[in-house]
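Asks: Next up is a structure, given as structure tokens.
2 protein chains.
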Amino acid sequence: MFIGEYTYSIDEKKRLAIPTKFRQVLDKKAVITRGLDNCLFLYPLKEWEKLAEKLSKLPLSQADARGFARLMLIGAMEVNLDNLGRVLIPDYLKKYASFKKKVVIAGVYNRIEIWDEKRWEEYKTKTETGIGDIAERLGELGV
Amino acid sequence: MFIGEYTYSIDEKKRLAIPTKFRQVLDKKAVITRGLDNCLFLYPLKEWEKLAEKLSKLPLSQADARGFARLMLIGAMEVNLDNLGRVLIPDYLKKYASFKKKVVIAGVYNRIEIWDEKRWEEYKTKTETGIGDIAERLGELGV
DNA sequence: AAGTGTAGTGGATAATTGTGGATAACTATG
DNA sequence: CATAGTTATCCACAATTATCCACTACACTT
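Those protein sequence lines, which keep their order, are chains A and B.
Residue numbers for the first sequence follow the numbering used here, beginning at 1102 and rising by one.
Residue numbers for the second sequence follow the numbering used here, beginning at 1102 and rising by one.
Structure, rendered in structure tokens:
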């Protein structure tokens, strides 16, 4: 399980270190994809395979399902952790998530999220102010 | 599984390099054909055989199904990868997909798509805005 | 409080790969 | 049969990528 928030920096070679606690679970190989709200998702290989399998079953004949599967599958990239536990961020994903130097790596149960630091702060303050409303909806979910 | 987005260029001899990660799976021979949304599909031989089988079973009575099957079957061509992992793009397919110099090679699970770079960018932005809420769709998939 | 160890960051070297050109083989046509 | 044009195989260079190594800073231990 991934939990916690860490701040790291991407060097000029697009390398990003993964927090030590997450490395043990990731096992040298992982898949990085487009995420929600302009962040990136990082999945362990097995979690990704489950997701990809579902995406591949979407009907090819319907334009919007086709587009969705394309965005998610084409947006994904298998990454290897080097000896020091770093991964390479592909250009198009770096651009998609508008990464500058500092990024925030956050554990969200079965996946890892990677945010541009500034966007993360903005998202956090926005969410924190609205957290009262969210709590009410959580009640509906039985939490 | 094919995933990821790569940018390559077609030289003046209509040769196109296939990303290294895809070569291992393709095994020297592949089938290239007309795809949806003005891109090309590239299949491993076995995947193509399965698809061709399905296409041949489409009801002869429906005009659009018949047209789709014709498009893909007649447009298909077997291509060989040379020693450096490049394939030759036939003229009529190059024209169909309106390739200029730069193309995007994209992995979509069991097939590879080849897009003219400009068209891909257009399709991507169009789809990103038109796809609606990605979160909801992921939720439907149980992710 | 000092030393040792671990982890984040940056740089350097070696290997791989994308791209272009050149030569050889084959086909077609006069 | 020969020549011209097209196609295929091979080779070389340049740029990017991957692996390796070193340094620094923080933390924990003794």
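Idealized CB from N, CA, C, for every residue including glycine.
In this text the structure is predicted, and so the values were computed from the model without any measurement.
Pick from B:E1113, B:L1137 and B:V1180: whose alpha carbon is nearest that of B:L1146?
Replies: B:L1146 has its Cα closest to that of B:V1180, out of B:E1113, B:L1137 and B:V1180.
Asks: I'd like to confirm the pairing. Which residues does DSSP put opposite A:M1173 in its beta bridges?
Replies: Within the DSSP secondary-structure output, A:M1173 pairs in no beta bridge.
Asks: Tell me whether the segment 1116-1123 of chain B and the segment 1195-1208 of chain B touch, counting them as touching only if at least three CB pairs, one residue from each stretch, are closer than 8 Å.
Replies: yes
Asks: Look at the alpha carbon of A:E1223 and the alpha carbon of B:S1162, and state the distance between them as a whole number of angstroms.
Replies: For A:E1223 and B:S1162, the distance between alpha carbons rounds to 57 Å.
Asks: Thinking C-alpha only, which one of B:L1127, B:L1143, B:F1103 and B:I1104 is nearest B:L1194?
Replies: B:L1143
Asks: Counting only the same chain and skipping the five closest in sequence on each side, list residues whose C-beta sits under 7 Å from that of A:Y1210.
Replies: M1102 and F1103
Asks: Mind listing the chain B neighbours of A:S1157? Cutoff is C-beta to C-beta under 9 Å, in chain order.
Replies: M1102, V1209, Y1210 and N1211
Asks: Nearest chain B C-beta to A:I1175 closer than 7 Å, yes or no?
Replies: yes
Asks: What separation, rounded to the nearest whole angstrom, lies between the Cα atoms of B:Y1109 and A:G1233?
Replies: Each residue's Cα considered, the two are about 49 Å apart.
Asks: Of all the CB atoms in chain B, is at least one closer than 7 Å to the CB of A:L1117?
Replies: no
Asks: Pick from A:R1171, A:C1140 and A:N1184: whose alpha carbon is nearest that of A:D1116?
Replies: Here residue 1116 of chain A turns out to be Arg, not Asp, going by the sequence shown. Closest by alpha carbon: A:N1184.
Asks: Taking the Cβ atom as the reference point for each residue, do B:M1178 and B:I1213 lie within a distance shorter than 7 Å?
Replies: no
Asks: Kindly say whether B:L1182, judged by its beta-carbon, lies nearer than 7 Å to any beta-carbon of chain A.
Replies: Using beta-carbon distances, B:L1182 does not count as an interface residue toward chain A, since no partner is under 7 Å.
Asks: Taking just the CA atoms, how far does B:K1196 sit from B:K1129?
Replies: CA-CA distance, B:K1129 to B:K1196, rounds to 24 Å.
Asks: In terms of residue numbering, what span does the beta strand (DSSP E) encompassing A:A1207 cover?
Replies: K1203 to Y1210
Asks: By DSSP, does A:K1130 sit in helix, in strand, or in coil?
Replies: strand
Asks: Residues of the segment 1128-1158 of chain B in Cβ contact with chain A at a cutoff of 9 Å, in chain order, please.
Replies: L1137 and D1138
Asks: Only counting the same chain, and skipping five residues up and downstream in sequence, which positions put a Cβ closer than 7 Å to that of B:I1111?
Replies: L1117, I1190, F1200, K1202 and V1204
Asks: For a contact meaning CB atoms closer than 8 Å, what does A:A1198 contact in chain B?
Replies: By Cβ distance, chain B contributes nothing, its closest Cβ being about 13 Å from A:A1198, past 8 Å.
Asks: State buried or exposed for A:L1141, treating a residue as buried only when at least 16 other CB atoms are found within 10 Å of its CB.
Replies: buried
Asks: Can you tell me where the beta strand (DSSP E) holding A:G1105 begins and where it ends?
Replies: F1103 to S1110
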